[in-house]
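Step one of this worksheet: look at the structure below.
Numbering (full-length UniProt numbering), first residue to last: 1 to 250.
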């Protein structure tokens with residue numbers, strides 16, 4: 001495919017082998033090419049700096065390079081406290097919602113725009129007459145829950161896809177979401193029927209978890225910035241890297 005990094009050609013077989021690790025990506029080939037290019041850049045830089053010991057595997061070389069080039073400070077109490085105050089939902093145990101939905105599933109025979117028009121029409125009908133939810137769920141929903149009026153029962157945080165979670169745990173009891181919620185499953189009309197308040201864990205109980213999270217996030221940002229630096233000064237032929245994704249060092 002005419003791919004090279006700093007004058008070193010990348011064989012198509014290398015891309016093919018990498019492809020097996022990215023089958024669930026939005027664009028497996030693009031993700032594989034980017035991963036191979038970034039990994040090659042890291043290995044070239046590690047070799048240039050003399051960080052690859054004889055007989056050492058590639059992952060160890062990359063780890064040595066990143067350890068020498070990416071330095072991040074540990075999160076202090078003030079940073080941890082700010083994160084705790086801004087994200088109380090992450091540290092609340094036992095919070096539940098009882099919700100129901102009407103799913104308009106995207107299929108090859110059901111264009112998204114047509115589904116959106118139908119979902120908006122049904123939502124408007126529900127806003128005018130909320131008591132029709134059970135009836136309309138049975139009539140329109142593509143989810144098995146439609147047979148029981150769209151009921152999903154009690155849900156805990158993280159039980160549903162993030163886009164759905166974000167809505168149901170924000171809605172007030174009895175409220176319909178203002179617009180259909182879009183997820184990979186389709187469009188959902190959502191209503192929260194009941195909320196069960198959780199218990200906020202004390203800061204002392206989660207301070208170490210927050211510090212670990214903030215340190216990891218800082219390290220990932222540092223790696224991203226370092227990769228951007230390497231890409232910026234590299235001669236990469238055959239592909240345009242749109243930013244530098246952080247690779248997973250296996």
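Note that CB positions come from ideal geometry on N, CA and C, so glycine has one too.
Using alpha carbons as the reference points, say which of the options lies closest to residue i.
i: residue 156; options: 136, 99, 125 and 56; result: 99
i: residue 10; options: 34, 167, 69 and 169; result: 34
i: residue 66; options: 79, 51 and 122; result: 51
i: residue 88; options: 120, 143, 121 and 200; result: 200
i: residue 162; options: 147, 183, 205 and 154; result: 183
i: residue 58; options: 189, 36 and 78; result: 36
i: residue 97; options: 152, 231 and 43; result: 152
i: residue 186; options: 95, 110, 85 and 202; result: 110
i: residue 175; options: 225, 194, 159 and 78; result: 194
i: residue 210; options: 13, 91, 26 and 60; result: 91
i: residue 144; options: 212, 130 and 104; result: 104
i: residue 203; options: 241, 131 and 80; result: 80
Could you check if residue i is buried or exposed, using at least 16 other CB atoms within 10 Å of its CB as the buried criterion?
i: residue 24; result: exposed
i: residue 177; result: buried
i: residue 223; result: buried
i: residue 167; result: buried
i: residue 45; result: buried
i: residue 180; result: buried
i: residue 43; result: buried
i: residue 250; result: Its pLDDT being 38, under 50, residue 250 is placed unreliably by the model, and the measurement read from it follows with that caveat. So residue 250 ends up on the exposed side.
i: residue 227; result: buried
i: residue 115; result: buried
i: residue 119; result: buried
Please work out which residues of its chain come closer than 8 angstroms, Cβ to Cβ, to residue i, disregarding the five sequence neighbours upstream and downstream, and give them in chain order.
i: residue 234; result: 5, 6 and 41
i: residue 215; result: 72, 74 and 75
i: residue 21; result: 32 and 35
i: residue 15; result: 1, 3, 29, 32, 33 and 36
Just verifying my parser: in three-state terms, what is the DSSP assignment at residue i?
i: residue 23; result: coil
i: residue 201; result: coil
i: residue 4; result: strand
i: residue 263; result: The question about residue 263 has no answer here: the residues shown for the chain are numbered 1 through 250.
i: residue 234; result: coil
i: residue 239; result: coil
i: residue 9; result: strand
i: residue 194; result: strand
Return the chain-ordered list of same chain residues with a C-beta closer than 6 angstroms to the C-beta of residue i, the five sequence neighbours on each side being excluded.
i: residue 146; result: 137 and 138
Using C-beta distances below 7 angstroms, list every residue in its chain close to residue i, excluding the 5 sequence neighbours before and after it, in chain order.
i: residue 29; result: 19
i: residue 133; result: 100, 126, 149, 150 and 191
i: residue 122; result: 102, 136, 140 and 189
i: residue 238; result: 1, 2, 3 and 4
Segments of 4+ residues assigned as alpha helix (DSSP H) that fall wholly inside the stretch 27-110: 28-48, 58-69 and 77-86
At what residue ranges does the stretch 112-188 contain a whole run of the beta strand (DSSP E), taking only runs of 3 or more? 151-156 and 181-183
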